[in-house]
Every structure is written in C-alpha cells, then in structure tokens.
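Numbering (this note's numbering), first residue to last: 9 to 293.
All C-beta atoms in this analysis are idealised placements derived from N, C-alpha and C, irrespective of residue type, glycine included.
The model shown is predicted, which means the values in this text are computed figures rather than measured ones.
In what follows, a structure is listed as structure tokens, so that the remarks can point back to it.
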Amino acid sequence: MQPTPTPPPAPSAPTARNKFTMLFFNATACYLLAYQVVHFIAEAAMVYEARRAFIPGIWSLSGVRFVLGDGGWRYNTVLAVYGMGPLLIMGLGVAAFLLFWKWQRYRRGLGKLLLLWLAFHAANTVLAGLLADTVTQSGYWYVPNWLLGGGGTWASPVLGILFALVQIALGFAAAIPFLLAQESRTALKFDSRQELINSTITGPWLVGSALILLSRVPNPSLGETLHLATMGLLLIPLALGSQQEFFNQPEQLPYPTRVAWGLVALAGLTLLAWRVALHTPVWFR
C-alpha cells in the first residue's frame with residue numbers, strides 16, 4: 009500500500025508578506041507613472057493653447073498661472089486653454105481602457121496594470137476633477153460655466169457633483185477589470201483580498217499621493233492636492249467592490265511575483281525630472 013502523498017505546504021507568512029510588499033512597489037510605480045503622464049498632458053495642453061493665443065503665463069511646480077486680466081479672455085480662448093487638456097485626457101483614458109480590455113487583460117506582465125491606472129487617473133481628471141476645480145474656481149471649472157452658464161457659475165458645481173457620482177459608480181464597476189490586472193494567485197485568493205486592496209489600491213494611493221506632493225515642495229498647490237484626494241471617489245468604491253468579488257484565478261499562468269525595479273526607478277525619475285524642470289518657474293508667451 010502506497011503512502012498518501014502529503015500536499016505541499018502553504019506559503020509561510022513571511023513569503024506571503026513579501027509578495028504583497030512587491031505588489032505594493034509595482035502598483036505604486038504604476039500609480040505614479042500614470043499620474044505624471046496625465047498631469048503632464050493637462051498642463052502642457054494649457055501652456056500650448058495659451059502660447060497659440062499669445063497669453064503670457066508662468067509654469068511652475070504649483071501649476072500653470074496666467075498673467076492676463078479678466079478682460080483679456082475671449083470665449084474661444086477660454087474653451088481652448090482650459091478645455092483641451094480634459095478633452096485629450098478623456099481620449100487617453102478611453103484608449104487606455106480599450107487597449108487593456110481588448111488586448112492586455114489576458115496577457116502577463118505589468119502593462120495591463122499601467123493601462124488601468126492611466127484610465128483611472130484620466131477618469132478622475134475629467135469627472136471628479138471638475139469638482140476639485142470648482143472648489144478652487146480654477147482650471148477645468150471655467151469650461152462648463154462658459155459653455156452652459158450664460159454668465160453664471162452654476163454649471164460647474166452641478167456638473168461637478170453629477171460627474172463625481174458617475175466616478176463613484178465607475179469605481180464599483182471597475183472591480184472585475186482591476187482583479188483581472190492582478191497576476192499573483194496568492195494575492196487573488198478571497199481570504200487575502202484585504203491584503204491585496206491594501207497593497208494595490210489604498211497603499212499606492214496614499215503613498216503615491218504623498219510622494220507627488222513632496223516632490224512639489226515648497227509650493228504644492230491646493231488644486232493638485234484636491235485632485236489627488238478626489239481619486240478616493242474612484243478608489244474607495246473600487247476597494248469595496250473588489251472585496252466583494254469572488255474572482256480569484258488569473259486567466260494566464262502568471263510570472264513569478266517580483267519588484268519591477270526598472271519601473272520603480274522610472275517612476276522616481278519622472279518625479280525628479282518634473283521637479284528639476286519646474287523648480288525655477290518657466291515664463292511663456
């Protein structure tokens with residue numbers, strides 16, 4: 009009679025803990041890279057359109073500021089300067105999610121996670137970002153008011169609240185795509201779902217946002233701080249939805265979990281490059 013084979017031992021606590029730490033580093037790198045891409049498009053589009061209209065301004069760590077009185081702005085100029093960035097970012101977000109869903113969700117590697125974070129940051133900029141800009145009465149706030157307000161300022165607060173509600177709904181709907189972007193079988197186990205959320209959603213959001221604001225010292229802007237805060241309107245519902253989903257198996261055999269140090273270094277370099285480039289304010293016209 010043959011002895012019954014014993015099953016392989018479960019991963020030890022330190023091994024599982026190390027795996028979640030690796031996932032945290034990778035997710036934070038994707039969070040930072042995606043944010044920097046979206047943030048660059050938003051501010052570069054403003055500067056580009058302002059230069060086309062010969063509007064002087066300053067681009068610094070705290071953002072883009074224009075040196076022009078209210079009387080110097082025209083309808084088309086306002087829409088172009090403040091509306092082009094959100095329009096481009098909306099296109100980027102849709103393209104990133106379609107690329108993820110059609111071609112990347114069943115592939116191995118971190119590319120699909122980076123695409124998903126691009127879509128998340130783009131959604132936050134276009135949706136809840138309007139609510140953040142309404143608080144500071146800057147940026148994207150001007151577009152709905154000039155398009156729909158008829159000289160008033162009611163349009164941006166109303167649309168900002170509606171867009172924020174849409175973002176909350178998107179957060180819940182994004183749970184399955186987010187879990188599809190994860191590859192670690194250990195992390196995807198339903199019993200480990202809270203650790204997965206801490207390592208790949210809550211941790212990257214809090215730590216990544218803190219690193220972004222730290223890179224803007226001594227002048228982090230209220231507007232950028234609010235934009236980072238409104239990510240919670242997507243990520244908190246995403247965390248709640250992910251916690252309730254029973255999806256626990258990656259579609260493809262995953263790569264062994266390890267820290268993508270090249271991606272982490274690239275994320276750090278983007279923050280450093282942004283600080284070096286804009287530490288001294290850049291004047292444009």
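Asked	Found
Cβ neighbours of residue 273 in the same chain (closer than 6 Å, five flanking residues each side left out)	none
Residue 162 - partner residues in DSSP beta bridges	DSSP lists no partner for residue 162.
Beta-carbon proximity of residue 89 to residue 54, cut-off 8 Å	yes
Buried or exposed (CB count within 10 angstroms, at least 16 for buried), residue 60	exposed
Candidates 179, 91, 118: closest to residue 131 by CA position	179
Stretch-stretch touch, CB-based, cutoff 8 Å, three pairs: the region 74-81 with the region 127-141	no
Three-state secondary structure (DSSP) of residue 150	helix
Cβ contact (3+ pairs, closer than 8 Å) linking the region 107-117 and the region 193-203	no
Proximal residues to residue 73 (C-beta, below 7 Å), its chain only, five neighbours per side dropped	65, 66
Buried or exposed (CB count within 10 angstroms, at least 16 for buried), residue 161	exposed
Stretch-stretch touch, CB-based, cutoff 8 Å, three pairs: the region 158-177 with the region 204-220	no
Limits of the alpha helix (DSSP H) - the one that residue 186 falls within	183-188
DSSP state of residue 292 mapped onto helix, strand, coil	strand
Enclosing beta strand (DSSP E) for residue 77 [first to last residue]	That residue, residue 77, is in no beta strand (DSSP E); it is neither H nor E in DSSP.
The region 35-48 / the region 210-224 touching (three or more Cβ pairs under 8 Å)	yes
Candidates 104, 251, 51, of which the one nearest residue 183 by Cα	251
Contacts around residue 20, its chain only, beta-carbon distance under 8 Å, and the 5 residues preceding and following it disregarded	Residue confidence is low: residue 20 scores 45 on pLDDT, short of 50, so the model does not pin down where it sits. No coordinate-derived value is stated.
Strand pairing of residue 66, partner residues [DSSP]	73, 291
Residue 197 versus residue 254: straight-line alpha-carbon distance, rounded	9 Å
Host alpha helix (DSSP H) of residue 206 (start-end)	Looking at the DSSP string, residue 206 is not in any alpha helix (DSSP H), and its letter there is neither H nor E.
Where residue 254 falls: helix, strand or coil (DSSP)	coil
Under 8 Å between C-beta atoms of residue 191 and residue 113	no
With 16 other Cβ atoms within 10 Å as the buried cut-off, status of residue 47	buried
Rounded C-alpha distance that separates residue 226 from residue 287	9 Å
8 Å Cβ cutoff met for residue 119 and residue 50	no
Residue of 154, 282, 125 minimising C-alpha distance to residue 187	125
As assigned by DSSP and simplified to three states, the class of residue 95	helix
Proximity winner among 26, 175, 71, relative to residue 146 (alpha-carbon distances)	71
Boundaries (first-last residue) of the alpha helix (DSSP H) holding residue 109	Taken as a continuous stretch (DSSP letters only), residue 109 belongs to no alpha helix (DSSP H), as it is neither H nor E.
Outcome for residue 23 when other beta-carbon atoms lying within 10 angstroms are tallied against a minimum of 16	exposed
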